[in-house]
Amino acid sequence: MPRAQKLYDDDDLDYEEEEYEEYEEEASPRRPPSLHLSGLSLGSPKPQPAARKASAGTPSAPRASPAEARAARAAAPAPRALQLPPPPATRVLNLVVVGHVDAGKSTLSGRLLVECGVVSAQSIGKLKREAAQANKGSFAYAWVLDEDASERARGITVDVARAQLKTQSYDVNLLDTPGHRDFVPEMISGAAQADAALLVTNASPGEFEKGLNAQTREHITLCRSLGVRNALVVVNQMDKVAYSQQAFERLMAELAPVLAAAGFPPASVRYVPCAAFHGDNVTRPSEQLPWWGGPSVRDAIEALPPPRRDTASPARATVLDCYKSRLAGGGALTLLVRVNAGALRP
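My numbering numbers the first residue of the sequence shown as 19 and each following residue consecutively.
Here's what the structure looks like:
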């Protein structure tokens, strides 16, 4: 059989092989991109850890022993405490008026407001006419605070009445509380807000003893239990005993042990005679009391020690009452509180 003919030469074969290799490279799928996870690359060489930096030329200091460390801490200066500015001196004095029913608490409070200029002459004149028409002329000054019709009809205070007056040193919040035994809770709510107490007693024969064995003693105990430290005792209705010095001193002698037993030391108690309805020794000396060389009721209030405000302690407040308004805030609840320690800021 004849030998097969060569259809191509070597040069053509080489060209076709090179061309085929290029085609294989183009047709082959590309390598997927490397994936980096936490600094490592998949599909690429693993990176080598960075070379540790050469340490500084300065050699490291040797570690101190535990004893040396404790000595160093003890020798270190103590951290400076936070210096707070001292609290400003307060002018506000919350003064609760307490005592047995019919001792003249509201009459004394109303007379104070009139003579201190809080109530105008026209207003007290109108109240005097209304009281005279109701055959209750002696209640005119009491009606300054007893504004409710039921209180005026019954002739007693039912709820705590609040008023403000100014002295040379204080802005006084006057809290006139009920003296009847049925309204002791209202008296407690007033005494819980107080810095000092104004205890009114009746100098009339028989009335003082009646009150001492009832609400007078109870009010003294409650005031001290609620944190009141200073008491101003006003012996009212001195006109009923002809402004007698002996009667005043006898009442002082009977009240002193009761106050001391409740926790009022003699240095925290001051006694003042007066006749509130007539204005004797309420804001100025009276000719009816020539033997009295002490202060008037207003001057005795002025002489009360300033209340202490513990602003350095943690905040602590007592909730006294709560009100729900239908107007503000869609029925917002308002709390009446007394701040016992610390400070509240808006």
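Positions of the beta carbon are idealized from the N, C-alpha and C atoms, including for glycine.
How close, in whole Å, do the beta carbons of residue i and residue j come, if the pair is a contact with beta carbons under 8 Å?
{"i": "L113", "j": "L216", "result": "6 Å"}
{"i": "D328", "j": "A359", "result": "4 Å"}
{"i": "Q186", "j": "E320", "result": "6 Å"}
{"i": "R288", "j": "A330", "result": "That belief does not hold up - the Cβ atoms of R288 and A330 are roughly 29 Å apart, past 8 Å."}
Just verifying my parser: in three-state terms, what is the DSSP assignment at residue i?
{"i": "A89", "result": "helix"}
{"i": "K342", "result": "strand"}
{"i": "K154", "result": "coil"}
{"i": "D194", "result": "strand"}
{"i": "D317", "result": "helix"}
{"i": "T371", "result": "As displayed, the chain neither begins before 19 nor continues past 364, which places residue 371 out of reach and without an answer."}
{"i": "V202", "result": "helix"}
{"i": "L55", "result": "Unreliable placement is indicated for L55, whose pLDDT of 43 sits below 50; the coordinate value is still reported in the next sentence. DSSP places L55 in strand when its eight states are reduced to three."}
{"i": "N299", "result": "coil"}
{"i": "R129", "result": "helix"}
{"i": "R268", "result": "helix"}
{"i": "V369", "result": "Summary: the structure shown does not reach residue 369, with the chain confined to residues 19 through 364, and so no result is reported for it."}
Could you pull out every residue in the same chain whose Cβ sits closer than 6 Å to the Cβ of residue i, ignoring the five residues on either side in sequence?
{"i": "C134", "result": "L183"}
{"i": "V357", "result": "A335"}
{"i": "S46", "result": "Confidence is the limiting factor: at S46 the pLDDT is only 48, short of 50, which leaves the residue's position unreliable, though a coordinate-based value still follows. Hits under 6 Å: none found."}
{"i": "V253", "result": "T219, A221, F266, L269 and P291"}
{"i": "L353", "result": "V337 and C340"}
{"i": "E204", "result": "D177, V178 and P196"}
{"i": "F295", "result": "T125"}
Hey, would you say residue i sits closer than 8 Å to residue j, going by beta carbons?
{"i": "V218", "j": "K123", "result": "yes"}
{"i": "G208", "j": "V246", "result": "no"}
{"i": "V119", "j": "I174", "result": "yes"}
{"i": "P283", "j": "A274", "result": "no"}
{"i": "E272", "j": "L230", "result": "yes"}
{"i": "A181", "j": "L131", "result": "yes"}
{"i": "V162", "j": "L111", "result": "no"}
{"i": "A214", "j": "L250", "result": "yes"}
{"i": "A171", "j": "R199", "result": "no"}
Skipping 5 residues on each side, what residues in its chain have a beta carbon closer than 7 Å to that of residue i?
{"i": "A160", "result": "S124, T125 and G128"}
{"i": "L351", "result": "C340 and K342"}
{"i": "Q263", "result": "W309"}
Quickly, what does DSSP pair residue i with across the bridge? List them, please.
{"i": "P291", "result": "V253"}
{"i": "D166", "result": "BP columns for D166 are empty, so no partner."}
{"i": "N248", "result": "A214"}
{"i": "N112", "result": "N191"}
Beta-carbon within less than 8 Å of residue i's beta-carbon, same chain only, minus the 5 sequence neighbours each way: which residues are those?
{"i": "E165", "result": "A179"}
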